[in-house]
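Undergrad: Sharing a structure, written as structure tokens. Questions coming.
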Ligand SMILES: NC(=O)c1ccc[n+]([C@@H]2O[C@H](COP(=O)([O-])OP(=O)(O)OC[C@H]3O[C@@H](n4cnc5c(N)ncnc54)[C@H](OP(=O)(O)O)[C@@H]3O)[C@@H](O)[C@H]2O)c1
């Protein structure tokens, strides 16, 4: 029987008024090459309709723009700006470039890549809000923030997503995941596969044991753990490999027992 692999099998999550399937694609290593274009097209064929990029990611935005613009069928391309300088002027420069590279006149989800220690968050947020009011961006997200920074940003404009490092191996943002769950803010864990390099850490051994028992990859177990951790989690595994793309989507149909989920959760 033909295997049905689709991101739709992971269920959906809502970013403001946009609904996407709950496994997306991270593209920080995507280039503007035929292989990268084919991978992006394959991701869409497999039902992925959330793609994460950033102004900072080299050729990624250009590759996406050339491969798959114009974006239809509910596809959300999220980008980020302000990784090194989140002043209103720099953010506007980066946003204008991102719009050109992505070949669109509006970004569905625009994420502040980093809070700038030299610029009050309120000033940065006002800039993002003005981009929204001008219709250049649809929704605002944040990246690498604390619960306090998120609360501060929420005073200025609605925040639909937060993207912080989080995975089965690294749980330093548990309180933020809980806050986002409570407030229906989508949590996009970056480094979702957690650098599962087969280290001897207890949690990695646990992932490997469960993967062996279920006859699946370690990566599928790591992704399924994230999907089970909270219904607002939207993992964006990054890959350049069509085989890994399919492997990651198989996490959507993987059955992880309560016992295995608990063993992973407590093994850190
Ligand atoms: N907000 C931020 O500050 C921030 C920072 C970093 C990343 N990000 C975003 O988060 C996305 C994901 O993070 P990430 O790419 O750093 O980490 P990741 O998705 O956890 O891991 C990517 C690595 O895992 C490998 N891989 C993927 N699927 C695999 C599979 N099924 N089996 C074996 N290996 C597999 C990839 O290599 P192959 O190409 O060989 O598959 C790559 O080396 C990025 O693409 C980017 O969009 C955001």
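Residue numbers (the numbering used here): 1172 to 1439.
Every residue gets a Cβ at the ideal spot worked out from N, C-alpha and C, and that includes glycine.
Remember, predicted model here, so these are calculated numbers, not experimental data.
Since residue 1251 sits in a beta bridge, which residues does DSSP pair it with?
TA: In the chain shown, counting from the first residue as 1, residue 1251 sits at position 80. DSSP, once it has assigned bridges, lists 1282 as partnering residue 1251.
Undergrad: Going by the CB atoms, is the gap between residue 1357 and residue 1186 shorter than 7 Å?
TA: Sequence index remark: in the chain shown, residue 1186 carries index 15 (1-based). Sequence index remark: in the chain shown, residue 1357 carries index 186 (1-based). Cβ atoms of residue 1186 and residue 1357: closer than 7 Å.
Undergrad: Distance check for residue 1426 and residue 1288, CA to CA, integer angstroms please.
TA: Locating residue 1288 in the chain shown gives position 117, where the first residue counts as 1. Locating residue 1426 in the chain shown gives position 255, where the first residue counts as 1. Going by the C-alpha atoms only, they are around 43 Å apart.
Undergrad: Measuring CB to CB, does residue 1249 end up less than 7 Å from residue 1208?
TA: One-based indexing of the chain shown puts residue 1249 at position 78. One-based indexing of the chain shown puts residue 1208 at position 37. Cβ atoms of residue 1249 and residue 1208: not closer than 7 Å.
Undergrad: So what does DSSP say about residue 1424, is it helix, strand or coil?
TA: By 1-based counting over the chain shown, the position of residue 1424 is 253. If DSSP states are grouped into helix, strand and coil, residue 1424 belongs with the helices.
Undergrad: Is residue 1362 helix, strand or coil by DSSP?
TA: Working through the chain shown from its first residue, we reach residue 1362 at position 191. Correct three-state label for residue 1362: coil.
Undergrad: Can you give me the start and stop residues for the beta strand (DSSP E) that residue 1190 sits inside?
TA: As a first step, residue 1190 is located in the chain shown; it is residue number 19 there, counting from the start. Note, residue 1190: beta strand (DSSP E), 1189-1192.
Undergrad: Any idea if residue 1269 is buried or exposed, counting beta-carbon neighbours within 10 angstroms, 16 or more meaning buried?
TA: For the purposes of this step, residue 1269 is taken as residue 98 along the chain shown, with counting starting at 1. Per the 10 Å Cβ criterion, buried.
Undergrad: Which one or two residues does DSSP pair with residue 1409 in a beta bridge?
TA: As a first step, residue 1409 must be located in the chain shown, where it is residue number 238. BP columns for residue 1409 point to 1197.
Undergrad: In angstroms with no decimal places, state the Cα-to-Cα distance between residue 1394 and residue 1277.
TA: The residue given as residue 1394 occupies position 223 in the chain shown. The residue given as residue 1277 occupies position 106 in the chain shown. About 30 Å.
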